[in-house]
Amino acid sequence: MVRTAGERKAGVLWLCAALVSALLVAGCGSQGPEEFGENRYHCEHCRMGIVDMRFAAQSLTVRGKRHHFDSVECLESWRKKSSEEIQESYVSDFDRPGTWLKSSRAHYVVSQKRPSPMGANISAYSSRSQARKALDTLQEGRILSFAELSVYLDKGLRAKPSEGGHGFH
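Numbered by the working numbering, the letters in the sequence shown go through residues 5 to 173 in order.
Structural data, given as structure tokens:
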């Protein structure tokens, strides 16, 4: 069977369109948080195994790369040092481990009575009322927004324990 120049050109165009479509679909992986369980990953920042999903966190870069963390303090420590551009970061809802919240929308409780893996004692909640319930149960601590948490962690990460800071890492 002999093909005309027009038929060959149409075939090449169809092949190009198919390849572009395949690349677009392949590049559009899941844009939300990844579901994973305990002991599947090691923390990108401290290298500890992620063993308590109540405190787990993760990030997704603009290039589609995922990073996993054992705590929000590790996520934030890594984010401050990393050159990678973050598209979104997520924290596990303490009351529903493995239910992911956008870190910027979560409400955080800092309480000595709820130790987190790296010692910053931070847990995340889906709403201010859930955070308030946790605080009422713990009878100690405070609620922080994401912006307040970032400032709190920045001070703690820079302060030496001898100066009253946690130094977290």
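For glycine and all other residues, C-beta sits at the position ideal for the given N, C-alpha and C.
Computed from a predicted structure; not experimentally measured.
**Residue closest to Leu-142, alpha-carbon to alpha-carbon, out of Tyr-94, Ile-126 and Leu-105** = The residue given as residue 142 occupies position 138 in the sequence shown. Checked all of Tyr-94, Ile-126 and Leu-105; the closest Cα to Leu-142 is Ile-126.
**Message:** Output needed for Arg-118: all residues of its chain with C-beta closer than 7 Å, excluding positions within five of it in sequence on either side, in chain order.
**Reply:** As a position in the sequence shown, residue 118 is number 114, starting the count at 1. Same-chain partners within the cutoff: Asn-125, Ser-127 and Leu-142.
**Message:** Rounded to the nearest angstrom, what separates Glu-92 and Thr-8 at their Cα positions?
**Reply:** Here residue 92 refers to the residue found at position 88 of the sequence shown. Here residue 8 refers to the residue found at position 4 of the sequence shown. When rounded, the distance between both Cα atoms is 51 Å.
**Request:** Kindly list the residues whose CB is nearer than 7 Å to the CB of Ala-53, restricted to its own chain and excluding five residues on each side of it in sequence; keep chain order.
**Result:** Here residue 53 corresponds to residue number 49 of the sequence shown, with the count starting at 1. Here residue 53 is Gly; the residue named in the question, Ala, does not match the sequence. Only Asn-43 and His-46 meet the Cβ criterion.
**Message:** So, with DSSP's three-state summary, where would you put Val-184?
**Reply:** As displayed, the chain neither begins before 5 nor continues past 173, which places residue 184 out of reach and without an answer.
**Asked** Across which residues does DSSP place Glu-92 in a beta bridge pair?
**Response** Translated into the one-based positions of the sequence shown, residue 92 becomes position 88. DSSP, once it has assigned bridges, lists Leu-64 as partnering Glu-92.
**Asked** Is Lys-159 buried or exposed, if buried means 16 or more other CB atoms sit within 10 Å of its CB?
**Response** Residue mapping note: residue 159 aligns to position 155 of the sequence shown, counting from 1. Exposed: under 16 other Cβ atoms inside 10 Å.
**Item:** Distance between Gly-102 and Glu-39 (C-alpha atoms, nearest Å)
**Value:** Walking along the sequence shown from the start, residue 39 turns up at place 35. Walking along the sequence shown from the start, residue 102 turns up at place 98. Whole-angstrom Cα-Cα distance: 7 Å.
**Prompt:** Looking only at C-alpha atoms, which of Leu-153, Val-114 and Ser-75 sits nearest to Gly-145?
**Reply:** Within the sequence shown, residue 145 is the residue found at index 141, counting from 1. When only C-alpha atoms are compared, the closest one is Val-114.
**Prompt:** Based on the DSSP output, what are the partners of Ile-147 in its beta bridges?
**Reply:** To locate residue 147, count along the sequence shown from 1; it is residue 143. Ile-147 is bridged to Val-113.
**Prompt:** Which one of Ser-131, Ala-138 and Met-122 has the shortest CA to CA distance from Ser-149?
**Reply:** Taking the sequence shown and counting its residues from 1, the one referred to as residue 149 is at position 145. When each option's Cα is compared against that of Ser-149, the closest is Ser-131.
**Message:** The alpha helix (DSSP H) that contains Lys-85, what's its start and end?
**Reply:** Taking the sequence shown and counting its residues from 1, the one referred to as residue 85 is at position 81. Start and end: 76 to 85.
**Reference Glu-48; option with closest CA among Leu-153, Arg-109 and Ala-60** = On the sequence shown, position 44 is the one that residue 48 refers to. That would be Ala-60, whose Cα lies nearest to the Cα of Glu-48.
**Message:** With H, G and I counted as helix, E and B as strand and the rest as coil, what does DSSP make of Tyr-129?
**Reply:** Counted from its first residue, the sequence shown places residue 129 at position 125. Tyr-129 falls in the strand class under three-state DSSP.
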